[in-house]
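In our numbering, the protein residues as written are -1 to 512.
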C-alpha cells in the first residue's frame, strides 16, 4: 500500500512538473509569437514604403519622358501598364488620389474598404481624417500605417503607404495585405519546434530524476516508520543507501534532509528510552525484591518461633525500615510521574540558605556514617538571608536529591560542598553542589538527567535513576535549568542549577515584616 502511494506521489509530481513546463513553454511561445508578429508588420511597413517610393519615382519618370501634360482620371497606356504590372507583382492595391480625397484611379476596391469610403457622384472619396494624415505627413517622409482606418475587417491585416507625386498634385496610395499569423507560425515552427521538443524531453527526464531523488527519502521514511510502529527500533533512514542516485543528492532539499535526521534522532531516542526502561524495570525489581525477601524471611521466622520473643522488636524494626524503603521508592516513582505532567507552579518567597541548612540537618546521619566533610559557602544579604521566588517544597526536593546523590557517590572520608550566589542584573540565584567522587564522564552528561538512566547499568545497588530526572522536571516547571560539570575544588561532579531571586521589592517587603 505504501509502495503504491509513493508511486502515485512520484507520477503525480512528474505529471505536475510536465504540465507546468508545457504551460511555461506555451506562455513563452505566445510572447515570442506576438514579438515576431510585430516584427513582421514593421518589416512589411518598410517594404511597402519602399515599394510606394519606387512606384512613385517610376510613374514620375514615365510622365516626364512622355511629356504628359494632362492629369486627372485618364492615364496613358504606359502609366496604366506600369501601375497594373507593379500591383500584380507586389500583390497590392494601387490608388491615385487627388488633394480632395477623390480616388481617380484604382486597381481594385477590396470589399473590406468599401464601407469606409464616401461615394460622391461616380467617384469614391477617402475619409477626410485619413486624407489629413496623408497630407500632413509631408512630401518626402510619406505616410505608412497598418489598417489606416480603411479596412473594417479586424481579422485582415493591411499595410498602407502613401506618397505625393511630383506632377498633378496626386497621391500614390498602396494597400498590401499580409498574413501575419501564418508567417509568424511558419517562423516559430522552423526556428523553435525542434529546440522546444528537445528541451521538453530533457526537462521531463530531469524532472523524473529529481522527483525520484525527492520521493525516495519519503519512501524510506514511510518504510522505516512502519517498521518502528511494528516495534523494530533498530531501523534507520539512510538517504545515501542507493549509489545510483548519488549524482542527484544535491537535489534533495535541506528540509527533507533535516526531516530524515530528526526522524533518525527520534528513533534513536525511543531506542534509548526502551533500553533505559528495561534497565529501570530490572533495577526496580531488584530494589523491591531485596526488602520483600527480608520482610518475608523475618515474618516467617517470627511466626514459626525461630526468632525468640525477646528479639522480635529488633526484627520488627528491621521490617519497618524495609517497608519505609519500599515506600520511599514508590513515592519517588509517583513524583517522577507527576512532575512529567504539566501543572501550575505555586511561587512563594523563602530563604534558600535556610532551606539548604534544613536539608543538611536532615542528611546529618548519612554524612556521619561516611565521615564526609561539608563545605558551605552561602551568599547572604545584610540580614544573613538569600530570598528566592519558587515553590519551596519542590526546591527542597531538588536540594535533597542533589545532596543525597553527592553523599551516595562520594567515598568515605571524602568531601562535598554546597554554595549559593546571587546575580542582581539577572535576578538569578545559582546553587552548586560538588563532591569529591569520580565525577560524571563527558559522554554521559547530556543523558544523566533522563528518566531511568544510570551511568553504570550493571550496578545492582539501590537506585531508580529518577532522582536527577525529578530535579530537571522541577526546575523546568520553574523555567530554569540544571547541568553537570567537573568540580573545580576536587575534580568530582558539580551539579549547578538556577532559580529566580525574590527581587528588591519582595526582599524589602520581607524585611519590613520583620
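We treat Cβ as the ideally placed atom computed from N, Cα and C, and that holds for glycine.
| Taking just the CA atoms, how far does residue 65 sit from residue 102? | Separation of residue 102 and residue 65 (C-alpha to C-alpha, rounded to the nearest whole angstrom) is 20 Å.
| field | Nonlocal neighbours in the same chain, by C-beta distance under 6 Å from residue 11, ignoring five residues either side | value | Leaving aside the five residues that flank residue 11 on each side, the residues in its chain whose CB is nearer than 6 Å to its CB run, in chain order, 209.
| Candidates 20, 38, 132 and 300: which alpha carbon is nearest residue 182's? | Measuring from the Cα of residue 182, the nearest candidate turns out to be 38.
| request: Following the continuous alpha helix (DSSP H) through residue 181, name the residue where it begins and the one where it ends. | output: Here the alpha helix (DSSP H) through residue 181 covers 178 to 227.
| request: Report the option in 90, 486 and 386 whose CA atom is closest to the CA atom of residue 433. | output: For the options 90, 486 and 386, the alpha carbon positioned closest to that of residue 433 is the one of 486.
| field | Local Cβ density within 10 Å of residue 364, reported as buried at 16 or more and exposed below that | value | Answer is exposed; the Cβ neighbour count stays below 16.
| query | When DSSP labels each residue in this structure, what does residue 512 get in the three-state scheme? | reply | Because residue 512 sits at a pLDDT of 42, beneath the cut-off of 50, its placement in the model cannot be relied upon, and the point is left open.
| request: Could you tell me the distance, in whole angstroms, from the CA atom of residue 402 to the CA atom of residue 361? | output: If you draw a straight line from the Cα of residue 402 to the Cα of residue 361, it comes to about 8 Å.
| Three-way DSSP call (helix, strand, coil) for residue 127 in this model | Shown here, residue 127 sits in a helix according to DSSP, grouped into three states.
| query | Taking C-alpha atoms, which residue in 118, 477, 366 and 27 lies nearest to residue 345? | reply | Per the C-alpha coordinates, the member of 118, 477, 366 and 27 positioned closest to residue 345 is 477.
| How do the stretch 215 to 222 and the stretch 23 to 34 stand: do at least 3 beta-carbon pairs fall below 8 Å, yes or no? | Because the criterion of three Cβ pairs below 8 Å is not met, the stretch 215 to 222 and the stretch 23 to 34 do not touch.
| task | Assuming residue 159 and residue 172 form a contact by the criterion Cβ under 8 Å, report the distance between their Cβ atoms to the nearest whole angstrom. | result | Contact holds; Cβ gap of about 5 Å.
| query | Considering only residues of the same chain and omitting the five flanking positions on each side of residue 31, which have a CB-CB separation below 8 Å? | reply | Sequence-distant Cβ neighbours of residue 31 in its own chain, meaning closer than 8 Å and more than five residues away, are 182, 183 and 186.
| query | Which word fits residue 109, buried or exposed, when buried means at least 16 other C-beta atoms lie within 10 angstroms of its C-beta? | reply | Here residue 109 is exposed. Its C-beta has fewer than 16 other C-beta atoms within 10 Å.
| said: Nearer than 8 Å: is that true of the beta carbon of residue 349 relative to any heavy atom of the ligand FMN? | reply: With respect to the ligand FMN, the structure offers nothing, as it holds no ligand at all.
| said: So for residue 32, helix, strand or coil by DSSP? | reply: Annotated three-state conformation of residue 32 is helix, per DSSP.
| task | Inspect the CB distances between the stretch 410 to 423 and the stretch 438 to 450 and report whether three or more fall short of 8 Å. | result | Between the stretch 410 to 423 and the stretch 438 to 450, the count of Cβ pairs shorter than 8 Å is below three; the stretches do not touch.
| message | With distance defined between alpha-carbon atoms, name the residue in 124, 59 and 474 nearest to residue 164. | response | When 124, 59 and 474 are compared, the shortest CA-CA separation from residue 164 is found for 59.
| query | With DSSP run on the structure shown, which of helix, strand or coil describes residue 289? | reply | Residue state, collapsed to three classes: helix.
| How far does the alpha helix (DSSP H) with residue 88 in it reach, from first residue to last? | In this chain, the alpha helix (DSSP H) harbouring residue 88 covers 75 to 88.
| Mind checking whether residue 190 and residue 35 have CB atoms under 9 Å apart? | Contact check for residue 190 against residue 35 fails: the beta carbons are separated by 9 Å or more.
| task | Could you tell me which residues DSSP puts in a beta bridge with residue 387? | result | Here residue 387 is bridged, per DSSP, to 347.
| Neighbourhood of residue 512 by C-beta, 7 Å cutoff - its chain only, sequence neighbours within 5 removed | Caution is warranted here: a pLDDT of 42 is assigned to residue 512, below 50, making its placement in the model unreliable, and the coordinate value is therefore given only provisionally. No residues qualify anywhere along the chain.
| field | Pair within 9 Å by beta-carbon distance, residue 92 and residue 81 | value | Yes, they are a contact pair.
| query | Leaving out five residues before and five after residue 174 in sequence, what residues of the same chain have Cβ atoms less than 6 Å from its Cβ? | reply | Excluding its 5 nearest sequence neighbours in each direction, residue 174 has C-beta neighbours in its own chain below 6 Å: 46, 90 and 157, listed in chain order.
| field | Separation of residue 391 from residue 439, as counted between CA atoms | value | For the pair residue 439 and residue 391, the Cα-to-Cα distance works out to about 31 Å.
| message | Need the endpoints of the alpha helix (DSSP H) that residue 438 sits in, please. | response | Annotation for residue 438: no alpha helix (DSSP H) segment contains it, and DSSP assigns it neither H nor E.
| query | Which word fits residue 422, buried or exposed, when buried means at least 16 other C-beta atoms lie within 10 angstroms of its C-beta? | reply | Per the 10 Å Cβ criterion, exposed.
| query | Under a three-way DSSP split, which group does residue 122 fall into? | reply | Looking at residue 122 - three-state DSSP - the assignment turns out to be strand.
| With distances taken from CA atoms, which of 376, 374 and 358 is nearest residue 397? | Put simply, of 376, 374 and 358 the residue whose alpha carbon is nearest the alpha carbon of residue 397 is 358.
| task | Within its chain, find whatever has a CB closer than 8 Å to the CB of residue 581; leave out the 5 residues flanking it on each side and keep chain order. | result | Residue 581 is absent from the model: the chain starts at -1 and stops at 512.
| query | From residue 214 to residue 270, what distance separates their C-alpha atoms? | reply | In a straight line, the C-alpha of residue 214 is about 27 Å away from that of residue 270.
| message | Going by beta-carbon coordinates alone, are residue 475 and residue 343 separated by less than 9 Å? | response | Yes, these two residues count as a Cβ contact at 9 Å.
| query | Alpha carbon to alpha carbon, what distance is there between residue 50 and residue 122? | reply | When rounded, the distance between both Cα atoms is 21 Å.
| Nearest to residue 395 by alpha carbon, out of 29, 467 and 132? | Considering only alpha carbons, the answer is 467.
| Across which residues does DSSP place residue 520 in a beta bridge pair? | Residue numbering for the chain in the displayed model covers -1 to 512; residue 520 lies beyond these limits and cannot be assessed.
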